[in-house]
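Visitor:
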Amino acid sequence: MTPKHRNKALLGLGLVLVIAWTGAAFGQATKSFSGKITEIAKGTQLDVGKRGTFYMLRLEDHPNIEFHLASEDAVRFGVVAAGGPAQVATSKMSKGLGWKVKLTCDAHKTGSLKNPVYKVMSLVRLDD
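When we follow our numbering, the leftmost residue of the sequence shown carries the number 1, and every step to the right adds one.
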């Protein structure tokens, strides 16, 4: 093999490795959790220049993890009934309590190591 061919082969191998590494890195952008919803609470998130509400979910199999779900998504997924401006999620609003679900979350957690917080991107109800 001539040096010219060897350089092309090494360049091609390097390109394949970079593409494989990039694909693996993007594959870790989400994290999934499954379990039974044991708690639904409404919260307010303050951020610089804005304020928003969200729903906090807890799963039976992951009691130390908080899952934050945007208010619009909670209604869209059917976890809660549209309740207007109420500050508390009443039992009548919390339709998803007791559901077995699969949550797909942003893999970048916040909070502490003992009590991490994940932002929910999608929710799928599993058969009970």
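Beta carbons: idealized from backbone N, C-alpha and C, even for Gly.
In the DSSP assignment, what residue or residues form a beta bridge with F33?
Guide: DSSP lists L103 as partners of F33.
Visitor: Grouping DSSP H, G and I as helix and E and B as strand, with all else coil, what is A41?
Guide: Strand, per DSSP.
Visitor: Where do the ends of the beta strand (DSSP E) carrying A70 lie?
Guide: That run of the beta strand (DSSP E) goes H62 to A70.
Visitor: Suppose the cutoff is 7 Å on Cβ atoms and the five residues either side in sequence are ignored; what does the same chain contact list for F54 look like?
Guide: Result list for F54: G43, Q45, H68, L69, A70 and S71, in chain order.
Visitor: Suppose you measure from the CA of A74 to the CA of A9; what does that come to, to the nearest Å?
Guide: About 52 Å.
Visitor: Under 8 Å between the Cβ atoms of G78 and G96?
Guide: Yes, the Cβ-Cβ distance between G78 and G96 is below 8 Å.
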